[in-house]
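Undergrad:
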Amino acid sequence: MTAWRPDLLDGFEQLSLPITEPQVYPGEPEDTEITATLVRAARRLDDAGEPGRTAVLYVHGWNDYFFQRHLADYWTRHGYAFHAIDLRRYGRSYREGQLFGFTTDLTEYFVELDRACEVIASEYPRLLLMGHSTGGLIASLYAAERRSMIENGTLVALVLNSPWLDLQGSQTIRTLGPPMVQSLSTLRPTTPLPLPDPGFHRRATHLDHDGEWDYDLTLKGGEISLVRAGWLQAVLNGHQRVARGLGIGCPVLVLAAGRTLFRRSWDEEMMRSDIVLDVRQIASRAVRLGPLVTVARIADGMHDLLLSAAPVRERTFAQITRWCGAYAPAQPAPEVARDEWAEVAAH
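Here you go:
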């Protein structure tokens, strides 16, 4: 494994996680480097870490990468060891010629998540997994699959920020859309779908527009961030698994905005609404994740609640702090909390 090196974010460092025997898709260079990237706050030379702490691993959403310094600061201030991952073909991990963000199976990402968890476990005994949007779906599927990590006390909690748990849209779209996507994904999985991006999310979040976040637009994919049939089918397959019930054996916190707003033209209310997913569907599907799921609705929140206005962020962080104090503290009491939760999960 290569060494940690300085990251593009000042004060952070990154570790490349090469993927062995990866799936290379049609149209990609045969010799393309498939890798994921683990990011953490930079260590001082005299910093040996605090092995007793709980670590956090953050998984980004579609067309995204880790840039949320304030998220890392929050977890660090509360005593957690923060880490984030840029999945293969995203952000720091994207290489020229690759199909940006593409996969035909979300479980492909379990490879880099396993690698990241191994690195983290070499220093920290417990892990809290956090995911946003598509990353929330991936994190949920991973937690359901890696039951042994929960049973042995390694994976202690799941925190989901507006997870994509079901297909949004009208009943017509939800009924007719999936069969069409499945047919196309079988014949031509890399075909881009005619889903133009009006740019509302960027306008609501980026510093150059109405937002306050100076993320790197080149790492977001831009014109190459095409939604392809095979990728959407992979997401729909994940939704079907959620609908059947995942049975995640650790506590789960699901955070969602107070309302959804879908418009064809810009509306200032988009600064206070989820304009990507249907928050009612998030709330209704959340109970399929496991036996202990907490749903917190955040008034005036955007799709990424932690990119919302400062007062909304503060309320979101307050919900996370209170919930983690009960289910996933940075320094839990020896064995007591785990034993109590084991009794709940067993029933």
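The sequence shown runs 1 to 347 under UniProt numbering. Positions of the beta carbon are idealized from the N, C-alpha and C atoms, including for glycine. Note that this is a predicted model, so its numbers are computed, not measured.
(1) By Cβ distance, which residues of its chain are closer than 6 Å to Y58, with the 5 residues on each side in sequence left out?
(2) Are the CB atoms of P189 and T134 within a distance shorter than 8 Å?
(3) Using 8 Å for Cβ pairs, my map puts A81 next to I248. What's the rounded Cβ distance?
(4) Determine the direct distance from the alpha carbon of S308 to that of G301, and round the result to whole angstroms.
(5) By DSSP, does M302 sit in helix, in strand, or in coil?
(6) Taking only runs of the alpha helix (DSSP H) that begin and end inside the region 123–180, which ones reach a length of at least 4 residues, in chain order?
(7) Could you check which residue in L155, L99, L141 and A326 has the C-alpha nearest to that of E30?
(8) Alpha carbons only, please: which of G97, R43 and L305 is nearest the one belonging to T76?
(9) Pick helix, strand or coil for Q240, following the three-state DSSP scheme.
(10) Note down the Cα distance separating G290 from Y74, rounded to an integer number of angstroms.
(11) May I ask which residues mark the beginning and end of the beta strand (DSSP E) holding V287?
(12) Is it buried or exposed, R92, if we count other Cβ atoms within 10 angstroms and call 16 or more buried?
(13) Report the rounded CA-to-CA distance for E123 versus M149, giving the unit in angstroms.
(14) Go ahead and label Q281 buried or exposed: buried means 16 or more other beta carbons lie within 10 angstroms of its beta carbon, across all protein chains shown.
(15) Would you kindly work out how many angstroms separate the C-alpha atoms of residue 363 and L158, rounded to a whole number?
(16) Expressed to the nearest angstrom, what Euclidean distance is found between the alpha-carbon atoms of I224 and T37?
(17) Would you call H209 buried or exposed, if buried means 16 or more other Cβ atoms sit within 10 Å of its Cβ?
(18) For Q182, I'd like the list of residues in its chain whose CB is within less than 8 Å of its CB, leaving aside the five on either flank, ordered along the chain.
(19) So, is M271 buried or exposed, given that buried needs 16 or more other C-beta atoms within 10 angstroms?
(20) Tell me E21's beta-bridge partners as DSSP assigns them.
TA: For this structure:
(1) To locate residue 58, count along the sequence shown from 1; it is residue 58. These residues qualify, in order along the chain: A84 and M130.
(2) If you number the sequence shown from 1, residue 134 lands on position 134. If you number the sequence shown from 1, residue 189 lands on position 189. Not closer than 8 Å, so no.
(3) Stepping through the sequence shown from its first residue, residue 81 is reached at position 81. Stepping through the sequence shown from its first residue, residue 248 is reached at position 248. The Cβ separation is near 22 Å, so there is no contact.
(4) To locate residue 301, count along the sequence shown from 1; it is residue 301. To locate residue 308, count along the sequence shown from 1; it is residue 308. Each residue's alpha carbon lies about 6 Å from the other.
(5) In the sequence shown, the residue the question calls residue 302 occupies position 302. M302: coil per DSSP, three-state reduction.
(6) 134–145 and 147–151
(7) Here residue 30 refers to the residue found at position 30 when the sequence shown is read from its first residue. It is L99 whose Cα lies nearest to the Cα of E30.
(8) By one-based count along the sequence shown, residue 76 stands at place 76. Comparing Cα positions, the closest option is R43.
(9) Along the sequence shown, read from residue 1 onward, the residue named residue 240 stands at position 240. The answer is helix: DSSP assigns Q240 an H, G or I state.
(10) If you number the sequence shown from 1, residue 290 lands on position 290. If you number the sequence shown from 1, residue 74 lands on position 74. Cα-Cα distance, rounded: 26 Å.
(11) Residue mapping note: residue 287 aligns to position 287 of the sequence shown, counting from 1. Taken as a continuous stretch (DSSP letters only), V287 belongs to no beta strand (DSSP E), as it is neither H nor E.
(12) Here residue 92 refers to the residue found at position 92 when the sequence shown is read from its first residue. Its Cβ being crowded by 16 or more others within 10 Å, R92 is buried.
(13) As a first step, residue 123 is located in the sequence shown; it is residue number 123 there, counting from the start. As a first step, residue 149 is located in the sequence shown; it is residue number 149 there, counting from the start. For E123 and M149, the distance between alpha carbons rounds to 16 Å.
(14) In the sequence shown, the residue the question calls residue 281 occupies position 281. It counts as buried.
(15) One cannot answer for residue 363 here, as it falls past the ends of the chain, which runs 1 to 347.
(16) Stepping through the sequence shown from its first residue, residue 224 is reached at position 224. Stepping through the sequence shown from its first residue, residue 37 is reached at position 37. Rounded to the nearest angstrom, the two C-alpha atoms are 20 Å apart.
(17) Residue 209 sits at position 209 when you count from the first residue of the sequence shown. So H209 counts as exposed.
(18) As a first step, residue 182 must be located in the sequence shown, where it is residue number 182. Result list for Q182: Q233 and L236, in chain order.
(19) Indexing the sequence shown from 1 puts residue 271 at position 271. Buried.
(20) For this step, residue 21 is matched to residue 21 along the sequence shown. Paired residue(s): none; E21 is not in a bridge.
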